[in-house]
Amino acid sequence: MQYEVIVVGGGHAGCEAVLASANKGHKTLLITGSKDTIAMMPCNPSIGGSAKGIVVREIDALGGYMGKVADKTLLQMKLLNSSKGPAVRSLRAQGDKISYPKEMLKLLEEHKNIDIIEEMVEDLIVEKNKIKGVKLSTGKEIMCNAVILTTGTYMKANILVGDKRTVSGPKGTRPSLYLSDNLEKLGFKLLRLKTGTPPRIERNSIDFSKTKREDGDDKLYTFSFDNEPYYTVEDQEPCYLTYTTEETHKIIRDNLDKSSMYGGFYEKLGTGPRYCPSIEDKVVRFADKERHQLFLEPESKYYDDIYLQGFSTSMPYDVQDKMVHSLPGLEHAKILRYAYAIEYDAIDSRDLYPSLETKIIDSLFTAGQINGTSGYEEAAGQGLIAGINASLKLEGKEPLILKRDESYIGVLIDDLVTKGVKDPYRLLTSRAEYRLLLRHDNADLRLRKHGYEVGLINEEQYKKLITKENNINEIIEKLKNIKIKDEKNINAYDYIKRTEVSINDVKSKLFKEYNELELQQAEIMIKYEGYIKKTKKEAEKMRKLENKKIPKDINYDKIPNLASEARIKLKEVKPENFGQAIRISGVNPSDISILSIYMKRYFNEN
Amino acid sequence: MNDTICAISTAVGIGAISILRVSGNEAIDIVDKIFDKDLTKKRSHTINYGHIIEDGKIIDEVLVSIMKSPRSFTMEDVVEINSHGGIATTNKILELLLNNGARLAEPGEFTKRAFLNGRIDLIEAESIMDLINSKTESSRKLAINGVEGKISKLIKDIVDKLIMVNANIEVNIDYPEYEDIEIVTQKEIEKISKYINKELTKLLYESENGKIIKEGINTLILGKPNVGKSSILNKLINEEKAIVTDIAGTTRDIVEGQIRINGILLNIIDTAGIRKTEDTVEKIGVEKSIKLIDESDLIILVFNNNEKLTKEDIDLLIKTKNKKRIIVINKMDLESKIDFDTFKEEKIIKISALEDVEELKKEISDIFKLDELNNKDFTYLSNSRQISLVKKAVAKAKELEKALEDDIPIDILEIDIKEICEILNEIIGESYDDKLIDTLFSNFCLGK
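Those sequence lines, one after another, are chains B and V. If you read the first sequence in the working numbering, its first letter stands for residue 1, the second for the next number, and so on. If you read the second sequence in the working numbering, its first letter stands for residue 607, the second for the next number, and so on.
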């Protein structure tokens, strides 16, 4: 059987990649270790969060599925940072670990262009640096035109608990033993990364009266621009808040030598994420902090596990028991699944083009944790782009490359291919220098057109977008011509800029019903006009630099005067343009000016 | 790698010795070809006595210093030749260097290489330019202050503080559910913006003084024809530069002279006497004078004790009202016809310029607190590019305060803070601007 696209791995990246490719009409095969792990949430039971929630909306705008499935299955929804400015608002849902994967699997299984098999891929078939197919652990070969690797944490996975290091994928699944070695043979540089997950507690063993209840918002939201809410305010599940105690910290300090991370059992450990430290890390590094916040989050409607967010650890089981019992409300808690750390192989993301195709093997794409990222949303965003670009390549079209000023996904991928990662990469709002433009409220306005152009957004969805755009423009134009009573020489447009004024105060004068989101969009555009303009100007400067292309065949060894670090970095990253070159750490302005002088000469001569 | 450049790096014709500097890969080999001893075997940082020779003939007796890469100003191999000859000999040596493979350096090229090779930062590069151009001792002191990176440090400190606040804001955004992380409040940002304002305004104030030390006080001598402006000027500069006569309108050119009071340079400008005139040649001088009022740091306004005040005199009093000025009543040795009541509210200096102008000098010194200025250890910005950037940053800080009043959300205020950082980074050369480097280095004088 010959497929057009093979996707290896059925996590969040894999699912989006498979669906994108199949929806673009390509016969696609998904190879997963087990159907039970498709769209699994092995760590926190939530989707979205700061910056990540915006990514979910971007995925939806481009025609991906994470938001749609999350909307259908969520347990609780919150709009984060609602008291802050519009640029940093972001949705976060508590997801259901049973129904989310089930819903996603249904989508895949019902799709006529998708086949799923349960196998392990251990090697790639490559001819003349072009991908030809994959080789399974059984020795069987399957041929195809493009491969997308979304192996997550499965390559050479090791589970770490105390002094025990077990060869295993998450939740006791089968790891891939040889794929990363084979990638290395093909010329990929490998990284060893680590991440962890906290213990799960039996719901009935927790005394919630000693914790603080955290409810969802009393306003309804959806990630998807096409969905109406599936839930009601009342049927949301609550989360709970508790804290570590002095006792907890003492237990941790007394047992540090038993932790996988601090025990010094291994010579070399993978690099863990800086932004998501284990509780050992927190206690050691922030020794003067009296307590750390912990969240108790339900994992599903269908079983009793409560996820103890903020308490990831690699202590042995007996110490974990003691630690958990020192927490208010958890004195008699029963741990259903103990915390563990997991180590895995990833590739150096600087070996990728911004299309997520590898520079080393033609038509081989990678997405998700294999690229050194962390997080379901980051994975799904990359999976979608890899799926789109693998398809576009088959179709002989230019890849879809999102810019830093039009999406968080663009920021994510640019960071990956330009800067590479040292520890698992999580999206943060601070990574987006133009974040005022990258709001959750305008993801559709930013990206739906791209989705439409690549064929993942249909006519109806597109028409809806155009209507919305037109209405927003209409509102703004009207406001400019509305006079405000008792206010001399001021129109409604400028009036709205005042802190105390809202668009609702003048909407009756528009003499037409507009929907709330359109009004809100117009209001944001008016109120923050000055800052938006400023940011756009900055973005414009950057785009100019990005339009200054650097030829692929440039020989950095021939450029006199480049600082040696810059030379090494430029050779590693092979930036496509000056905008990207400037963002490489270790490349200084003086190097850029030297490069620019050299390029002038280069173009004069050629 | 770089080609080898050379230039005469001392002012031609002044001083007993001239220094020729050669920098680049072949610096040692090239000088070796015209030197009578084997330089290729000499160790770095040695001074070698010998002769410059051409076809076996001695051109000059010289000392040659060798500084090997990377321990040199440009971080390339550098050779310096101390020649004893005058202009002709020095030029001859330069010609020999050019004939043997070196290229004449472009203006500022040595400093540009030092910058590009990471030897100095932007502020240092600009300070070196000032060092080359500095005319007096005080000015040299200040230039060195810049080289040592005092301002760089001050600005880096401010930037660091701002970045700290922004980092905290980011944490608040990215981890909103964590209640025990300190939340940046509007009040805190207000504090920061006041702090920036204070520090930068102080820096600007000191820089103005720094400018005075470096560039001197531009002093305009103003008055109707024949009130004795040229006499005052001549007395101040102690030489007959301006023509002194009794006929109104003989000083047609704007004459400049320099004197030093307490080490501070006074650039004195004499003007054509301001009066209504139909004479076109003189009209140009008058118009220029009025324009100069705006550009000067100090105005010495001269009146004639021996004449009644005219409408023109009153005009001048009004035109210079907002400037730093000293009112001088000259020709006190003659009969008083002037109405002193006009100056009731003002301090006036009565002199007879033909005798002495000591009282005037003292007043200038007092007005600018020159004693203090000369001794104080200033942190200052060395050129107008830096000053204008700091002014821009101060303006941004004010915008930030306005935004605070307008209740703009903190995560958006962060944009303003970032902008201030970027402006300040530009001063210390940490942000990228294609044009900046080109304009900067083309401003450098040849040879350094």
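All residues carry an ideal CB built from backbone N, CA and C; glycine is no exception.
In the same chain as B/Y462, and ignoring 5 residues on each side of it, the C-beta atoms closer than 6 Å to its own belong to Y452, in chain order. Nearest to B/G172 by alpha-carbon distance, out of B/V161, B/L179, B/D181, B/Y178, is B/V161.
Comparing alpha-carbon positions, the option among V/V670, V/I935, V/P831 lying closest to V/A959 turns out to be V/I935. Around B/R165, the same chain offers N158 as residues with beta carbons nearer than 6 Å, after the five sequence neighbours per side are excluded. Counting C-beta pairs with one atom in each stretch, the segment 28–43 of chain B and the segment 357–370 of chain B have fewer than three that are closer than 8 Å, which means they do not touch. Taking 8 Å as the upper bound for CB-CB distance, V/V963 and V/K841 are in contact here, some 5 Å apart. One thing to note: B/Y100 has its Cβ no nearer than 8 Å to the Cβ of B/V56. Any Cβ of chain V closer than 8 Å to the Cβ of B/S430 would place that residue at the interface, and such an atom is present.
Using a 10 angstroms sphere on the CB of V/E1011, the tally of other CB atoms stays under 16, which defines it as exposed. Its Cα nearest to that of V/K718, the residue V/S629 stands out among V/S629, V/I955, V/K929. Around the C-beta of B/M77, 16 or more other C-beta atoms lie within 10 Å, and the residue is accordingly described as buried.
Sequence-ordered contacts of the segment 1003–1016 of chain V with chain B read D1012, D1013, I1014, P1015, I1016 [C-beta pairs closer than 8 Å].
Interface annotation for the segment 518–533 of chain B against chain V: Y528, Y531, criterion Cβ-Cβ distance under 8 Å. Rounded to the nearest angstrom, the Cβ distance from B/L149 to B/A346 is 11 Å, too far for a contact under 8 Å.
Within chain V, no C-beta atom comes nearer than 8 Å to that of B/I125; the closest sits roughly 42 Å away. When the beta-carbon positions are compared, V/K1004 and V/I1029 stay at least 8 Å from each other. Taking a Cβ-Cβ threshold of 7 Å, none of the residues of chain V is close to B/N113; the smallest such distance is about 38 Å. Shown here for B/I526: same chain residues with a beta carbon closer than 8 Å to its own, the five before and five after excluded, namely I476, L479, Y493, I496, K497, I503 in chain order. Taking the CA atoms as reference points, B/L183 sits about 19 Å from B/G10. B/E228 and B/T222 have their C-alpha atoms roughly 7 Å apart.
For the segment 76–100 of chain B, residues whose beta-carbon sits nearer than 7 Å to a beta-carbon of chain V comprise L80, N81, K84, G85, A87, V88. Against chain B, the CB of V/L722 has a partner CB under 8 Å away; the residue lies at that interface. Spatial neighbours of B/S82 in its own chain (CB-CB distance under 7 Å, excluding positions within 5 residues in sequence) are listed in chain order as R89. If only uninterrupted beta strand (DSSP E) runs of at least 3 residues are considered, those enclosed by the segment 308–379 of chain B are 335–337, 340–347, 364–366.
Counting only unbroken stretches of 3 or more residues, the beta strand (DSSP E) elements lying wholly within the segment 73–118 of chain B are 76–80, 90–94, 114–118, in sequence order.
B/T245 has a beta carbon lying at 8 Å or more from every beta carbon in chain V. From the beta-carbon of V/E776, the residues of chain B found nearer than 7 Å are L428, T429, S430.
Between B/L595 and chain V, the shortest Cβ-Cβ separation is not below 8 Å. With distances taken between CA atoms, V/L907 lies nearest to V/P831 out of V/P831, V/L871, V/D638. Counting other Cβ atoms within 10 Å of its Cβ, B/M323 reaches 16 or more and is therefore classed as buried. For V/D972, the uninterrupted alpha helix (DSSP H) segment begins and ends at 964–973.
One finds I779, D780, Y781, P782 in chain V with Cβ atoms closer than 8 Å to the Cβ of B/S50, taken in chain order. Using a Cβ distance threshold of 8 Å, V/I920 and V/M938 do not count as a contacting pair. Ranked by Cα distance from V/R709, the first of V/S758, V/D683, V/I611 is V/I611.
Listed in chain order, the positions of the segment 1017–1028 of chain V with a beta carbon within less than 7 Å of a beta carbon of chain B are D1017, I1018, I1021.
Under the DSSP assignment, B/F295 falls in the beta strand (DSSP E) whose first and last residues are 293–298.
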